[in-house]
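Chains as they are written, first to last, in the working numbering: chain R, 1 to 106; chain S, 1001 to 1487.
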């Protein structure tokens, strides 16, 4: 029987994998996938908490589950905005690699 | 129910205005004057709704919470948004102008919702509603490489910060079992390791919003590359909203784990973390600004430094210093918006925002140069301008309990450094002659607004109580933020 801790380990692992993807990958689209993974790690932990910490009435904490639906929606909006910006960048610079982002510099 | 409708009327008016503006944009895309006028009109209606029908109360279990303090901040955010709308007419590309203004309005709605909520769910949603339009606005000048790059950098770093924030909020929810800040505040005793992780991740997420170390890297690039009106809103409104909601989360929800950041009196909590972030930001911002040749970039590093000053006040976390933080962030936002206004006009005249582009400004438009003087001197914190009183209150209240001497000494020393780069800009604007003759472009609305902001900074310097009063007087701050802390 998996306990809350198991879910939190998985969610922590997902978050770390996502963060590593963001930090280490050079292709913006892959970085994007890492970002999605980080958001889904938060979703997983929210659902696990709501399942394992029932309220006084014995029902799961529905607030967190509603929050998860909102996060899924916001993540979709974020992807739409992000891809649009990537397309704009590609038109201006013909690249999707972060090391080519060198117009603005210290 | 009707009360809820009245409470959310300003935001509703803004959304309706945004839809109307989009409609005008489709039917008459070239009528830029009409589009701006419609946007401003909608904003004024929203301001009137806010002022004429004040509703206080707690709606939908803390999702929407209105009190005088929240309404004051909503008004400030609305004002800052409308300032950017006026500047947008000068600095946004002519194509898709209506869409740009609609996005500005949506972002303003997000900021205003953020100022009036006490629930983690709503905080996350409002933050995203603030940020997503700003990402698009930063990338709006599509033909410019710098703008696309600024938009992407803002988006990537912002999304990572949002993921940090969200994961932190989910852990805080897990420990407290509720998303409501007042329920979270009932937790006490030794903090759970999960809660510590949650607080740390939340702080990291907010570091992005107010542009402090370690999430400060985006600021210089975005301020430089984004259309200047968008940068003005990012620098002013977005920062005010971020600081206000961070103050609320930390004092209202997490007041039990403040800790102390005093030299030799260390106690674990979020204050020591903030102190480290503040110290790093103050040093990095002020030192890096010394070598900048682009005024927008310089303002970005100065924004990082000012974010550090604000965090010093948050570290102290008592009633006077929180009042000082809120006072300072409003003053800072007004001043920065004005400085960006000058940049908008100069950019339009000379085609750039480098130091050389400011040369001869004192000759060609003395009023503008005088306004720039007021803004930069206020940012540097020289009396009798508002920035001086902001810093004065901030530092004296942080010193009052004698704990944060090391931070204040560092900040004051670094503030002296900041005087150098502000004066460099002023030297270029006031002393050096113009390299070539330039014809001043008429930008009457923006110019009028810049003068108005300069007068506001001057007036708040001469009579700071006009703003300190509503922030600290009566029941406002004391009841709403501090009482929870003292319990």
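We put the CB at the ideal spot given by N, CA and C, even for glycine.
Contacts that residue 1171/S makes with chain C (C-beta to C-beta distance below 8 Å): Within the model displayed, chain C is absent; protein chains R and S are what it includes.
Identify every residue that forms a DSSP beta bridge with residue 1066/S. Along the second chain, one-based indexing puts residue 1066/S at 66. BP columns for residue 1066/S point to 1057/S.
Which residues in the same chain as residue 1220/S place their Cβ atom closer than 7 Å to its Cβ, once the five residues preceding and following it in sequence are excluded? By 1-based counting over the second chain, the position of residue 1220/S is 220. The answer, listed in chain order, is 1297, 1300, 1301.
From the DSSP secondary-structure annotation, give me the bridge partner or partners of residue 1034/S. Locating residue 1034/S in the second chain gives position 34, where the first residue counts as 1. The partner list for residue 1034/S (beta bridge, DSSP) is empty, contrary to what the question assumes.
For residue 33/R, would you say it is in contact with chain S, using Cβ-to-Cβ distances shorter than 8 Å as the test? Counting from one through the first chain, the residue named residue 33/R turns up at place 33. Residue 33/R does not count as touching chain S.
Thinking just about the alpha-carbon of each residue, which of 1345/S, 1409/S, 1359/S is nearest to the one in residue 1086/S? Reading the second chain from its first residue, position 86 is the one you call residue 1086/S. The candidate whose alpha carbon is nearest that of residue 1086/S is 1345/S.
At a Cβ cut of 8 Å, what residues of the stretch 76-97 of chain R count as close to chain S, listed as they run along the chain? 77, 78, 81, 82, 84, 85, 86, 88, 89, 91, 92, 93
Helix, strand or coil: how does DSSP classify residue 1357/S here? If you number the second chain from 1, residue 1357/S lands on position 357. Residue 1357/S: helix per DSSP, three-state reduction.
Alpha-carbon spacing of residue 67/R relative to residue 1121/S, whole angstroms: The sequence position of residue 67/R within the first chain is 67, counting from 1. The sequence position of residue 1121/S within the second chain is 121, counting from 1. So the two alpha carbons sit approximately 6 Å from each other.
Ignore the nearest five residues each way along the sequence and tell me which others in residue 17/R's own chain have a CB closer than 7 Å to its CB. Counted from its first residue, the first chain places residue 17/R at position 17. So the list reads 37, once near-sequence residues are dropped.
Span of the alpha helix (DSSP H) holding residue 1375/S? Along the second chain, one-based indexing puts residue 1375/S at 375. Residues 1366-1380.
Of all Cβ atoms in chain S, is any one closer than 8 Å to the Cβ of residue 63/R? Here residue 63/R refers to the residue found at position 63 of the first chain. Yes - at least one Cβ of chain S is within 8 Å of the one on residue 63/R.
Cβ contact (3+ pairs, closer than 8 Å) linking the stretch 1150-1165 of chain S and the stretch 1201-1215 of chain S: yes
Going by the CB atoms, is the gap between residue 1263/S and residue 1405/S shorter than 8 Å? Taking the first residue of the second chain as 1, we reach residue 1405/S at position 405. Taking the first residue of the second chain as 1, we reach residue 1263/S at position 263. A contact, by the Cβ cut-off of 8 Å.
Run through chain R and tell me which residues come within less than 8 Å of residue 1160/S, C-beta to C-beta. Locating residue 1160/S in the second chain gives position 160, counting from the first residue. Ordered by position in chain R, the residues that pass the 8 Å Cβ test against residue 1160/S are 19, 22, 35, 38.
Same chain, Cβ closer than 8 Å to residue 1111/S, neighbours up to 5 away in sequence not counted: As a position in the second chain, residue 1111/S is number 111, starting the count at 1. Cβ within range, chain order: 1077, 1081, 1126, 1130, 1237, 1238, 1240, 1241.
Can you tell me whether residue 1291/S is buried or exposed? The criterion is at least 16 other CB atoms within 10 Å of its CB, across all chains shown. Walking along the second chain from the start, residue 1291/S turns up at place 291. Exposed is the call here.
Is there a Cβ of chain S sitting closer than 8 Å to that of residue 72/R, yes or no? Looking up residue 72/R in the first chain gives position 72. False, the Cβ-Cβ gap to chain S never drops below 8 Å.
Going by C-alpha distance, which of 1324/S, 1116/S, 1140/S is nearest residue 1070/S? For the purposes of this step, residue 1070/S is taken as the residue at position 70 of the second chain. Among 1324/S, 1116/S, 1140/S, the Cα nearest to that of residue 1070/S is on 1116/S.
Proximity winner among 94/R, 79/R, 92/R, relative to residue 1132/S (alpha-carbon distances): The residue labelled residue 1132/S in the question sits at position 132 within the second chain. Taking only the C-alpha atoms, the option nearest residue 1132/S is 79/R.
Closer than 6 Å by C-beta to residue 1372/S: which residues in its own chain qualify, once you throw out the five before and the five after it? Chain order, please. On the second chain, residue 1372/S is found 372 positions in, with the first residue counted as 1. Taken in chain order, the residues that qualify are 1342, 1429.
Any Cβ of chain S within less than 8 Å of the Cβ of residue 42/R? Your numbering for residue 42/R matches position 42 in the first chain. Residue 42/R counts as touching chain S.
Would you report the Cα separation of residue 1329/S and residue 1388/S, rounded to the nearest angstrom? Here residue 1329/S refers to the residue found at position 329 of the second chain. Here residue 1388/S refers to the residue found at position 388 of the second chain. Those two C-alpha atoms are separated by around 13 Å.
Please classify residue 1248/S as buried or exposed, where buried requires at least 16 other C-beta atoms within 10 Å of its C-beta. Numbered from 1 along the second chain, position 248 holds the residue referred to as residue 1248/S. Flag for residue 1248/S reads buried.
Tell me, which residues are paired with residue 1119/S by DSSP? Locating residue 1119/S in the second chain gives position 119, counting from the first residue. Residue 1119/S is bridged to 1180/S.
Inter-residue CB distance, residue 104/R and residue 1225/S (contact presumed, cutoff 8 Å): Residue mapping note: residue 104/R aligns to position 104 of the first chain, counting from 1. Residue mapping note: residue 1225/S aligns to position 225 of the second chain, counting from 1. Between residue 1225/S and residue 104/R the Cβ distance is about 5 Å, and since that is below 8 Å, they are a contact.
If the cut is a Cβ gap below 9 Å, which residues of chain R does residue 1356/S touch? By 1-based counting over the second chain, the position of residue 1356/S is 356. Under the 9 Å cutoff, chain R gives no residues; its nearest Cβ is about 18 Å from residue 1356/S.
Quick check on residue 104/R - is its C-beta less than 8 Å from some C-beta in chain S? Here residue 104/R is taken as the residue at index 104 of the first chain, counted from 1. Residue 104/R counts as touching chain S.
Identify which residue in 1052/S, 1384/S, 1059/S, 1039/S has its Cα closest to the Cα of residue 1021/S. As a position in the second chain, residue 1021/S is number 21, starting the count at 1. Checking every option, the nearest Cα to that of residue 1021/S belongs to 1039/S.
Distance between residue 1350/S and residue 1443/S (C-alpha atoms, nearest Å): One-based indexing of the second chain puts residue 1443/S at position 443. One-based indexing of the second chain puts residue 1350/S at position 350. When rounded, the distance between both Cα atoms is 13 Å.
With the cut-off set at 8 Å, would you say residue 1148/S and residue 77/R are in Cβ contact? Against the second chain, residue 1148/S aligns to sequence position 148. Against the first chain, residue 77/R aligns to sequence position 77. In this structure, residue 77/R does not lie closer than 8 Å to residue 1148/S by Cβ.
Could you spell out where the alpha helix (DSSP H) holding residue 1270/S opens and where it closes? To locate residue 1270/S, count along the second chain from 1; it is residue 270. It spans 1270-1289 - the alpha helix (DSSP H) in which residue 1270/S sits, taken as one unbroken run.
Residues of the stretch 1198-1228 of chain S in Cβ contact with chain R at a cutoff of 8 Å, in chain order, please. 1220, 1221, 1224, 1225
Kindly indicate if chain S contains any beta-carbon less than 8 Å away from that of residue 59/R. By one-based count along the first chain, residue 59/R stands at place 59. No, no contact with chain S.
Should residue 1090/S go down as buried or exposed, given a rule of 16 or more other Cβ atoms within 10 Å for buried? Taking the first residue of the second chain as 1, we reach residue 1090/S at position 90. Looking at its Cβ environment, which holds 16 or more other Cβ atoms inside 10 Å, residue 1090/S is buried.
Close-in-space but distant-in-sequence residues of the same chain around residue 53/R (CB under 7 Å, 5 per side omitted): Taking the first chain and counting its residues from 1, the one referred to as residue 53/R is at position 53. Here the set comprises 61.
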